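Data first, discussion second: the structure below is written as structure tokens.
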Amino acid sequence: MMTQARATDGDTRRHVLIVGAGFAGLWAAQALRGKGMRVTLLDRQNYHTFLPLLYQVAAAELGPTEIAYPVRAVLRRNSDVDFRMGELRSVDPRRRRVSTDQEELSYDDLILAMGATTNYFGVEGAEERAFPLRTMDEAVPLRHHILSRFERAVHEEDPELRRRLLTFTIVGGGATGVEFSGALAELVHGPLQRDYPTLNLDRGKGGCVRILLLEAMDQLLGGMPGKLADYARDRLEERGVEVRLETPVSAVADDGVVLEGGERILSDTVVWTGGVQGAPGPADWGLPTDGLGRVRVRPTLEVEGFDGIWVAGDLAYLEDEEGRPLPGVAPVAIQQGSHVARNLEMRARGDALKPFRYKDPGMLAVVGRNAAVARVAGRSFKGFPAWILWLLIHVAKLIGFRNRLLVLVNWAWNYIFPKRAVRLILPDGRASTPQPGVRKEAEGVERAESFTHGTIP
Ligand SMILES: Cc1cc2nc3c(=O)[nH]c(=O)nc-3n(C[C@H](O)[C@H](O)[C@H](O)COP(=O)(O)OP(=O)(O)OC[C@H]3O[C@@H](n4cnc5c(N)ncnc54)[C@H](O)[C@@H]3O)c2cc1C
Numbered sequence: 008m009m010t011q012a013r014a015t016d017g018d019t020r021r022h023v024l025i026v027g028a029g030f031a032g033l034w035a036a037q038a039l040r041g042k043g044m045r046v047t048l049l050d051r052q053n054y055h056t057f058l059p060l061l062y063q064v065a066a067a068e069l070g071p072t073e074i075a076y077p078v079r080a081v082l083r084r085n086s087d088v089d090f091r092m093g094e095l096r097s098v099d100p101r102r103r104r105v106s107t108d109q110e111e112l113s114y115d116d117l118i119l120a121m122g123a124t125t126n127y128f129g130v131e132g133a134e135e136r137a138f139p140l141r142t143m144d145e146a147v148p149l150r151h152h153i154l155s156r157f158e159r160a161v162h163e164e165d166p167e168l169r170r171r172l173l174t175f176t177i178v179g180g181g182a183t184g185v186e187f188s189g190a191l192a193e194l195v196h197g198p199l200q201r202d203y204p205t206l207n208l209d210r211g212k213g214g215c216v217r218i219l220l221l222e223a224m225d226q227l228l229g230g231m232p233g234k235l236a237d238y239a240r241d242r243l244e245e246r247g248v249e250v251r252l253e254t255p256v257s258a259v260a261d262d263g264v265v266l267e268g269g270e271r272i273l274s275d276t277v278v279w280t281g282g283v284q285g286a287p288g289p290a291d292w293g294l295p296t297d298g299l300g301r302v303r304v305r306p307t308l309e310v311e312g313f314d315g316i317w318v319a320g321d322l323a324y325l326e327d328e329e330g331r332p333l334p335g336v337a338p339v340a341i342q343q344g345s346h347v348a349r350n351l352e353m354r355a356r357g358d359a360l361k362p363f364r365y366k367d368p369g370m371l372a373v374v375g376r377n378a379a380v381a382r383v384a385g386r387s388f389k390g391f392p393a394w395i396l397w398l399l400i401h402v403a404k405l406i407g408f409r410n411r412l413l414v415l416v417n418w419a420w421n422y423i424f425p426k427r428a429v430r431l432i433l434p435d436g437r438a439s440t441p442q443p444g445v446r447k448e449a450e451g452v453e454r455a456e457s458f459t460h461g462t463i464p
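Number 100 in the numbering used here belongs to position 93 of the sequence shown; there are no gaps in the numbering.
The structure is reproduced here in structure tokens:
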């Protein structure tokens with residue numbers, strides 16, 4: 008039901024409305040604590056997700072509760088912030104009001120931090136048939152779908168159909184594609200190989216499982232030095248992933264993918280990690296956007312011509328001093344969220360606003376057990392040292408002591424006894440079928456069974 012703008016109980020403080028409790032929005036809200044402003048934080052979920060570990064949820068390595076944290080718990084000690092669960096539907100910059108699926112809200116300053124969504128680049132059938140991997144409610148159905156392929160394969164007598172059930176195609180060799188295919192290979196050739204003795208899950212010839220990573224460009228991990236990308240490719244291949252470079256996909260069909268050039272790969276699971284675009288909305292509200300729907304911002308992170316509207320994180324388009332667009336990564340979002348808060352404070356004091364300068368902490372990607380690549384402070388690392396660095400950084404950045412502890416314990420357990428704790432197919436992932444509509448069915452299943460709790464399970 009739509010209600011009017013919320014009562015302020017005579018509160019005359021400037022009202023800052025933040026949309027999105029991801030890295031940018033949550034960090035902005037925390038940085039505004041004690042700055043004399045009234046803050047409302049809006050998100051369609053009641054939890055913050057640590058997206059860098061999302062692929063481990065999809066690969067049955069971690070459970071959703073280990074990488075998500077209720078927003079109200081994060082803000083418990085921040086009395087300046089009021090959290091609202093709801094979805095932003097429209098912005099009226101002239102009246103300084105927004106509509107959500109629940110209510111109308113007014114603002115003095117609006118920080119848009121809704122992040123990004125999957126970009127299918129118009130590839131035929133991709134949006135309808137491939138699994139995206141950007142949110143928790145995409146990762147969990149994907150995990151159920153993958154695990155249920157193995158249960159189905161046990162019953163399948165036709166070797167061709169069995170092969171198709173157990174062919175997993177990942178489209179996009181960026182960090183998410185590399186990390187997910189590596190984790191999937193470890194799941195399949197580790198715990199699942201022991202769970203399914205009647206299926207031949209051996210690597211290489213004779214085995215009935217296939218994991219493909221398709222990349223349109225001529226290297227994995229675009230932006231990483233070529234040597235590190237080659238290392239990642241070699242380690243993936245050792246783990247049983249077929250890496251194919253310069254292999255653009257032209258369509259996703261009911262029975263698999265079609266490559267440019269016409270080759271067809273029969274595959275019951277297509278995971279799309281091929282690209283991102285800004286969250287929908289800003290162009291409809293008249294904000295200036297780039298070709299990928301990201302909002303063009305001034306160096307101060309305000310939107311030109313829209314007084315009081317700021318954008319931070321994946322949704323913002325800003326170039327660095329050398330004219331290169333800032334990447335869509337967590338450190339940019341965190342720093343920008345904090346920067347908008349600082350600029351709001353400066354303006355309240357009558358000081359000049361500061362331009363945003365990105366402090367790049369480096370790049371990291373993990374291929375699997377003992378294998379990662381890192382580019383930090385101009386130096387390249389690979390193998391075990393990069394893997395340890397990756398582990399430490401990710402655990403340190405997780406929100407919540409309990410989550411850090413659980414992730415550490417889970418990883419240590421998996422390391423010593425290569426098992427995966429989260430191998431349950433909850434009701435009713437086994438009903439998903441290799442026929443059209445697989446993705447929709449799996450999504451519906453998950454929404455029904457798992458997100459009925461007050462907080463993330
Ligand atoms: C699978 C995956 C792996 C990644 N791995 C890494 C990594 O290893 N290292 C790294 O640095 N970066 C990584 N990234 C990128 C990083 O997570 C993003 O750059 C970062 O999350 C951007 O932060 P943000 O606040 O802009 O958006 P997000 O963190 O995506 O937050 C956006 C928030 O807005 C909410 N929202 C969206 N639309 C609406 C609406 N209409 N109404 C209300 N709420 C809305 C969402 O629910 C969400 O909570 C990864 C991303 C993904 C998807």
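Note that the Cβ used here is the ideal one computed from N, Cα and C, for glycine as well.
None of the values given here were measured: they were computed from a predicted structure.
Any non-hydrogen atom of ligand 1 within 7 Å of residue i CB
i, result
"GLN52", "yes"
"VAL278", "no"
"THR183", "yes"
"PHE30", "yes"
"GLY27", "yes"
"ALA403", "no"
"GLU94", "yes"
"TYR203", "no"
"ARG141", "yes"
"ASP18", "no"
"MET121", "yes"
"ASP291", "no"
"GLY320", "yes"
"GLY335", "yes"
"PRO148", "no"
"ALA340", "yes"
"TYR531", "There is simply no residue 531 to check, as the chain begins at 8 and stops at 464 in what is shown."
"ALA379", "no"
"PRO59", "yes"
"ALA359", "no"
"ALA286", "yes"
"LEU49", "yes"
When the options are compared against residue i, the one with the closest alpha-carbon
i, options, result
"ARG242", "LEU227, GLU253, THR254, ASP99", "LEU227"
"ASP314", "VAL195, TYR114, THR47", "TYR114"
"LEU24", "ARG386, GLY263, LEU351", "LEU351"
"VAL81", "ARG51, GLY43, ALA28, LEU60", "ALA28"
"THR174", "ILE218, PHE187, VAL380, PRO198", "ILE218"
"PRO232", "VAL64, TRP420, ARG382, ALA378", "ARG382"
"VAL432", "THR107, ASP18, VAL147, TRP420", "Sequence inspection shows Ile at residue 432; the Val mentioned does not correspond to that position. Of THR107, ASP18, VAL147, TRP420, the residue nearest in Cα terms is VAL147."
"ARG210", "PRO392, LEU194, SER345", "LEU194"
"GLY300", "ALA239, GLY288, TYR238", "GLY288"
"PRO255", "ASP262, LEU266, GLU111, ASP261", "LEU266"
"ASP87", "HIS22, GLU270, ARG171, ASP50", "HIS22"
"VAL491", "VAL185, ALA66, GLY179, ARG20", "Only positions 8 to 464 of the chain appear in this structure, which leaves residue 491 out of reach."
"ASP262", "ARG376, ALA239, ALA133, LEU221", "ALA133"
"GLU222", "GLY214, ALA236, VAL216, CYS215", "ALA236"
"ALA36", "MET353, ALA120, ARG96", "ALA120"
Residue environment, residue i, which counts as buried when at least 16 other CB atoms sit within 10 Å
i, result
"LEU191", "buried"
"ASP321", "buried"
"THR183", "buried"
"LEU117", "buried"
"PHE30", "buried"
"TRP394", "buried"
"ARG331", "exposed"
"SER188", "buried"
"LYS366", "exposed"
"ARG388", "Checking the displayed sequence, the identity of residue 388 turns out to be Phe instead of Arg. Its Cβ being crowded by 16 or more others within 10 Å, PHE388 is buried."
"ASN53", "buried"
"ASP99", "exposed"
"LYS447", "Any reading at LYS447 is ruled out, since the residue's pLDDT is 47, under 50, leaving its predicted position unreliable."
"ASP50", "buried"
"TYR324", "buried"
"ILE153", "buried"
Practice task
Count the C-beta pairs between the segment 125-139 and the segment 279-286 that are closer than 8 Å, then say yes if the count reaches three, no if not.
Solution key: yes
Exercise for the section: Taking only runs that begin and end inside the segment 335-383, name each unbroken beta strand (DSSP E) of 3 or more residues, in chain order. Expected result: 370-375, 378-383
Problem - Minimum length 4: unbroken alpha helix (DSSP H) runs contained in the segment 147-176 - result: 166-172
Exercise for the section: Report yes or no: do three or more beta-carbon pairs, one from the segment 321-341 and one from the segment 36-56, lie closer than 8 Å? Expected result: no
Practice task
Inspect the CB distances between the segment 290-298 and the segment 241-257 and report whether three or more fall short of 8 Å.
Solution key: no
Exercise for the section: Could you pull out every unbroken beta strand (DSSP E) segment of at least 3 residues lying fully inside the segment 258-284, listed in chain order? Expected result: 263-266, 271-273, 276-279
Practice task
Could you tell me whether the segment 157-176 touches the segment 260-275, using the rule of 3 or more Cβ pairs below 8 Å?
Solution key: yes
Problem - At least 3 beta-carbon pairs within less than 8 Å: the segment 405-420 vs the segment 67-85 - result: yes
Handout entry: Uninterrupted alpha helix (DSSP H) stretches inside the segment 19-68 (no shorter than 4 residues)
Key = 30-38, 61-65
Practice task
Say whether the segment 58-65 touches the segment 139-146, bearing in mind that this needs 3 or more beta-carbon pairs closer than 8 Å, one atom from each stretch.
Solution key: yes
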